Amino acid sequence: MTDTLLAVEGITKRFGGVLASDGITLSVPAGELHAIIGPNGAGKTTLIGQLTGEITPNGGRVMFGGEDITTLPTYERSMKGLARSFQITSLFLDFTALDNVALAVQAHAGHSFRFWRNARSEEELRAPARAALERVGLSHRADTVIASMSHGEHRQLEIAMALATRPRMLLLDEPMAGMGPEESAQMVKLLLELKKQYTILLIEHDMEAVFAPADRISVLVYGRMIATGLPDDIRANPDVRHAYLGEQEAVVIDG
Amino acid sequence: MKALTVRNIVVGALMVFLALVPVYSQMTGNVFLMTLFTRIVILAIAAVSLNLIMGFGGMVSFGHAAFLGIAGYSVGILAHEGINSGFIQWPVALIACALFALATGALSLRTRGVYFIMITLAFAQMIYYVGVSLDRYGADDGLTIYRRSDFAGLINLSNKTTFYYLCFVCLIGTCYLVWRIVNSRFGMVIQGARSNERRMRAIGFPTYRYRLTCYVIAGVLCGLAGILLANHTDFISPATMHWTKSGDLIVMAVLGGMGSVLGPVLGAVALLVLEEWLPHAIAVAGQLITGKPVGAAKEYWALILGPMLLLVVLFARGGIDGLLEKFRRD
Numbered sequence: 112m113t114d115t116l117l118a119v120e121g122i123t124k125r126f127g128g129v130l131a132s133d134g135i136t137l138s139v140p141a142g143e144l145h146a147i148i149g150p151n152g153a154g155k156t157t158l159i160g161q162l163t164g165e166i167t168p169n170g171g172r173v174m175f176g177g178e179d180i181t182t183l184p185t186y187e188r189s190m191k192g193l194a195r196s197f198q199i200t201s202l203f204l205d206f207t208a209l210d211n212v213a214l215a216v217q218a219h220a221g222h223s224f225r226f227w228r229n230a231r232s233e234e235e236l237r238a239p240a241r242a243a244l245e246r247v248g249l250s251h252r253a254d255t256v257i258a259s260m261s262h263g264e265h266r267q268l269e270i271a272m273a274l275a276t277r278p279r280m281l282l283l284d285e286p287m288a289g290m291g292p293e294e295s296a297q298m299v300k301l302l303l304e305l306k307k308q309y310t311i312l313l314i315e316h317d318m319e320a321v322f323a324p325a326d327r328i329s330v331l332v333y334g335r336m337i338a339t340g341l342p343d344d345i346r347a348n349p350d351v352r353h354a355y356l357g358e359q360e361a362v363v364i365d366g
Numbered sequence: 056m057k058a059l060t061v062r063n064i065v066v067g068a069l070m071v072f073l074a075l076v077p078v079y080s081q082m083t084g085n086v087f088l089m090t091l092f093t094r095i096v097i098l099a100i101a102a103v104s105l106n107l108i109m110g111f112g113g114m115v116s117f118g119h120a121a122f123l124g125i126a127g128y129s130v131g132i133l134a135h136e137g138i139n140s141g142f143i144q145w146p147v148a149l150i151a152c153a154l155f156a157l158a159t160g161a162l163s164l165r166t167r168g169v170y171f172i173m174i175t176l177a178f179a180q181m182i183y184y185v186g187v188s189l190d191r192y193g194a195d196d197g198l199t200i201y202r203r204s205d206f207a208g209l210i211n212l213s214n215k216t217t218f219y220y221l222c223f224v225c226l227i228g229t230c231y232l233v234w235r236i237v238n239s240r241f242g243m244v245i246q247g248a249r250s251n252e253r254r255m256r257a258i259g260f261p262t263y264r265y266r267l268t269c270y271v272i273a274g275v276l277c278g279l280a281g282i283l284l285a286n287h288t289d290f291i292s293p294a295t296m297h298w299t300k301s302g303d304l305i306v307m308a309v310l311g312g313m314g315s316v317l318g319p320v321l322g323a324v325a326l327l328v329l330e331e332w333l334p335h336a337i338a339v340a341g342q343l344i345t346g347k348p349v350g351a352a353k354e355y356w357a358l359i360l361g362p363m364l365l366l367v368v369l370f371a372r373g374g375i376d377g378l379l380e381k382f383r384r385d
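Top to bottom, those sequences are chains W and F.
Taking the working numbering, I'd label the letters of the first sequence as residues 112 to 366.
Taking the working numbering, I'd label the letters of the second sequence as residues 56 to 385.
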C-alpha cells in the first residue's frame with residue numbers, strides 16, 4: 112500500500128440531521144483512474160469538498176501522498192499537487208482562455224507579489240499555459256474571451272487549468288455534465304490520454320460514462336460507499352443495480 | 056489597435072487640457088478655474104485609488120474618504136504642533152493611512168458583498184467621530200493649516216501654479232502606478248479574485264493576503280490625495296471624511312468607468328464640473344424661460360445630476376469611458 116496517493120479514512124460530515132458523508136473510506140493508488148458514482152443527493156459534492164478543503168469533516172482523515180491534509184486550506188492542497196475541476200463552470204469569464212490558464216500557472220510559479228512587469232507578456236507563464244491548452248485541444252481558442260465560448264469548451268478549459276497547476280492528482284467533478292454524446296466521447300478520449308500521466312479521481316453522475324475509462328469504481332449512496340470494485344463487478348453488483356437503477360433508470364438508459 | 060480611437064482622443068485631449076489649466080488661468084486671470092481644477096485633480100487621484108480596489112479588486116469600499124481625512128489630519132496636526140517639514144509630514148501621513156488600511160482591511164476583507172460595504176462604512180464613520188471629538192484640533196469646526204508643507208526650498212507649495220503641477224504629476228504618477236499594478240502578476244491575482252475567488256483558491260492562491268495588500272496600496276494612494284487636499288484648502292475638518300465624501304468617490308469611479316485606470320479621472324472631472332456648472336446653467340435657462348431671475352431654483356441642481364447618473368448606470372455599464380469605447384466598433 113506504499114503507493115497509495117490519496118487515502119480517505121472514515122470521514123464523516125453532518126449537516127444538521129443529515130449525514131452527508133457516513134464513514135467514507137477510499138484509497139486511490141498512484142496511477143489509477145478511480146471513479147465515484149452515485150445518484151443525486153448521494154453526497155458526491157460534499158465528498159469532493161472535503162478532499163479539496165472547502166468543507167472540514169466532523170471525523171476521519173484525508174491523507175495525500177502519506178501526509179495528513181484533513182485541515183489544510185484549499186490553496187495549500189493545490190500547492191501539494193491536488194488539482195480540481197469544477198462541476199459548474201467556474202472560470203474567470205472576463206479573461207481570455209489563455210489568461211485563465213496562465214493564472215493557474217502563475218499560482219504555482221512562486222509568490223505573486225510582483226507589481227511591475229506585465230504578466231501577459233511573461234513567456235514563463237504563457238508557454239506552459241499554451242501547452243496546457245494544446246493538451247485539451249483548445250489552442251485555437253487561446254485568445255477568445257471565455258464568456259463567448261461553448262459549454263463543452265468551458266469543460267475542457269476547466270481541465271486545462273487543473274493541468275496547468277502541475278498536479279500529481281486530478282479531482283474531476285462531473286467533467287461530462289451537460290455535454291452532448293459527441294462532446295462526452297471526446298472527453299472520455301481525453302481522460303484516457305490523461306490517465307497515462309496522472310492519478311485521477313473522477314466524480315460522475317452518469318454511470319455509463321465512467322465504465323470505459325475507469326480502472327475501479329466506487330458507488331456512493333446516501334453518504335455511504337456501498338461498493339468498490341472493477342467496472343464489471345460494479346455493473347453486476349445487485350446492491351448497486353438496486354440503488355442506482357431503482358431511482359435513476361431514465362438517466363442511465365439515456366447515458 | 057491602440058491607436059486613434061474616439062476614447063483615446065478624448066482622454067488625450069483631457070490630459071492636455073489638464074496640463075494647460077494654469078496657462079489658461081494665467082492668461083485670463085481666472086483664479087477660480089485653477090482652484091476648481093486643483094481640487095478636481097486631487098480628487099481624481101482619490102477616485103483612481105478607490106477604483107484599484109473597487110473596479111479591479113471587486114472590493115466596494117464605502118469608507119474610502121477616511122484616508123483623505125487621516126492623511127489630512129496627519130498634516131494638520133503636525134503643522135499645528137509646529138512640524139511643517141514635508142519630509143516628516145508626508146511619510147507620517149502615508150504610514151498612518153497604511154496602518155489604518157491594514158487594520159481595517161484585515162477585518163473587513165473577511166466579509167463579502169454588502170457586509171464589506173457596511174463594515175468599511177462603519178470604520179470610516181468611526182474615524183469621522185474621532186475627528187469630531189478632537190477638541191485640541193478644532194473638533195467639529197476643523198483645523199486651519201497656516202503653513203503648507205515645507206520642503207526646505209526644494210518646491211514651494213504656496214505657489215498656486217507649482218502646487219497645481221505637483222498635483223497633476225501625482226495624478227499621472229498614480230495612474231501609471233495603478234496601470235502597472237493591474238497588469239502585473241499581482242494585478243492578475245486581484246482581478247481573478249474579483250471574478251471568482253473560490254476558483255482562485257482551488258488553483259492555489261492564498262487570496263486574502265493579496266486582497267489585503269491591494270487594500271493597503273489603495274489606502275496609501277488615497278492618503279497622497281488627502282495630503283494634497285489638506286495643503287490645497289489649508290484646512291482639515293471631519294467633513295472631509297464624512298460618508299457622503301466616500302459616496303462621491305464611488306460616484307466618480309462608476310460615472311467615469313470602473314473598467315479602466317483612467318475612467319475615474321473622467322468621472323471626477325465630469326462630476327465636479329457638473330456640480331459647479333449646473334447651478335449656473337439652471338439660472339440661465341430659468342431666466343430664458345420665465346423671463347425673470349429664478350434665484351433659488353439653482354439650488355436644485357442635484358435634481359438634474361441624479362437622473363444623469365441614473366442614466367449612465369442603467370445604459371452605460373462601463374461609465375463614460377465605456378461609452379467612448381463603444382465608438383470604436385462603428
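Glycine residues also receive a C-beta, built at the ideal position from the N, C-alpha and C atoms.
From a predicted model like this one, the values you see are computed outputs, not experimental measurements.
Using a Cβ cut-off of 7 Å, pull out every chain W residue sitting near residue i, in sequence order please.
i, result
"A257 (chain F)", "T163, T185, S189, R195"
"V244 (chain F)", "S223"
"G247 (chain F)", "F203, L214"
Ignore the nearest five residues each way along the sequence and tell me which others in residue i's own chain have a CB closer than 7 Å to its CB.
i, result
"P168 (chain W)", "I122, T123, K124, S132, Q161, T181"
"R202 (chain F)", "A134, N139"
"Q359 (chain W)", "Low per-residue confidence applies at Q359 (chain W): pLDDT is 49, beneath 50, and the placement is therefore not dependable, though the value from the model is reported in the following sentence. Cβ within range, chain order: P150."
I want to verify the contact list: residues of chain W whose CB lies under 9 Å from the CB of residue i, in sequence order.
i, result
"S140 (chain F)", "Correct list: empty, because the minimum Cβ distance to chain W is about 29 Å."
"I23 (chain F)", "Nothing about residue 23 (chain F) can be reported from this structure: the residues present for chain F run from 56 to 385 only."
"Y17 (chain F)", "Here chain F comprises residues numbered 56 to 385, so residue 17 (chain F) is not present and cannot be evaluated."
Give the residues of chain F in contact with residue i, contact being defined as C-beta atoms less than 7 Å apart.
i, result
"M272 (chain W)", "I258"
"T276 (chain W)", "I258, G259"
Which residues in the same chain have their Cβ closer than 8 Å to the Cβ of residue i, if we skip the five residues on either side of it in sequence?
i, result
"A153 (chain F)", "V271, G274, V275, G278"
"H316 (chain W)", "I148, G149, P150, N151, K155, E285, A288, V362"
"D303 (chain F)", "L98, A120, L326"
Between residue i and the rest of its own chain, which residues show a CB-CB distance below 6 Å, the 5 nearest in sequence each way excluded?
i, result
"R266 (chain W)", "P286"
"L281 (chain W)", "A194, A273, Y309, I311"
"D114 (chain W)", "P140, A141"
"F92 (chain F)", "V76"
"E335 (chain W)", "Reading off the sequence shown, one finds Arg at residue 335 (chain W), where the question assumed Glu. For R335 (chain W), where only same-chain residues beyond five positions count, the Cβ hits under 6 Å are D133."
"G112 (chain F)", "I245, R249, C269"
"Y128 (chain F)", "I291"
Is the beta carbon of residue i less than 8 Å from the beta carbon of residue j?
i, j, result
"V65 (chain F)", "L358 (chain F)", "no"
"L366 (chain F)", "L333 (chain F)", "no"
"G311 (chain F)", "I258 (chain F)", "no"
"L249 (chain W)", "A275 (chain W)", "no"
"G373 (chain F)", "G314 (chain F)", "yes"
"I148 (chain W)", "V330 (chain W)", "yes"
"E264 (chain W)", "R246 (chain W)", "no"
"M296 (chain F)", "Y183 (chain F)", "yes"
In chain F, what lies closer than 9 Å to residue i by C-beta?
i, result
"S201 (chain W)", "N251, R253, R254, A257"
"A131 (chain W)", "Here the premise fails: no neighbours, minimum Cβ distance about 19 Å."
"R231 (chain W)", "N238, M243"
Identify the continuous alpha helix (DSSP H) that holds residue i and give its terminal residues.
i, result
"S104 (chain F)", "86 to 106"
"G134 (chain W)", "Careful: G134 (chain W) lies outside any alpha helix (DSSP H), inside the beta strand (DSSP E) at 129 to 140."
"E234 (chain W)", "234 to 246"
"M363 (chain F)", "356 to 370"
"L69 (chain F)", "61 to 83"
"A288 (chain W)", "Taken as a continuous stretch (DSSP letters only), A288 (chain W) belongs to no alpha helix (DSSP H), as it is neither H nor E."
Around the C-beta of residue i, are 16 or more other C-beta atoms found within 10 angstroms, so that it is buried, or is it exposed?
i, result
"I150 (chain F)", "exposed"
"L369 (chain F)", "exposed"
"V103 (chain F)", "buried"
"E354 (chain F)", "exposed"
"R240 (chain F)", "buried"
"D254 (chain W)", "exposed"
"P349 (chain W)", "exposed"
"E234 (chain W)", "exposed"
"A320 (chain W)", "buried"
On the DSSP letters alone, give me the boundaries of the beta strand (DSSP E) that residue i sits inside.
i, result
"D303 (chain F)", "Not the beta strand (DSSP E): D303 (chain F) falls in the alpha helix (DSSP H), residues 298 to 311."
"I328 (chain W)", "327 to 332"
"R195 (chain W)", "193 to 196"
"T167 (chain W)", "Looking at the DSSP string, T167 (chain W) is not in any beta strand (DSSP E), and its letter there is neither H nor E."
"G115 (chain W)", "According to the sequence displayed, residue 115 (chain W) carries Thr and not Gly. Taken as a continuous stretch (DSSP letters only), the beta strand (DSSP E) holding T115 (chain W) covers 115 to 126."
"E331 (chain F)", "Segment 318 to 345 is the alpha helix (DSSP H) holding E331 (chain F); no beta strand (DSSP E) there."
"I314 (chain W)", "310 to 315"
"A146 (chain W)", "144 to 148"
Under 7 Å: does the beta carbon of residue i sit that close to some heavy atom of the ligand SAH?
i, result
"T229 (chain F)", "The ligand SAH is absent from the structure shown, which contains no ligands of any kind."
Could you work out which residues of chain C lie near residue i, taking near to mean beta carbons separated by less than 9 Å?
i, result
"T229 (chain F)", "No chain C is part of this structure, whose protein chains are labelled W and F."
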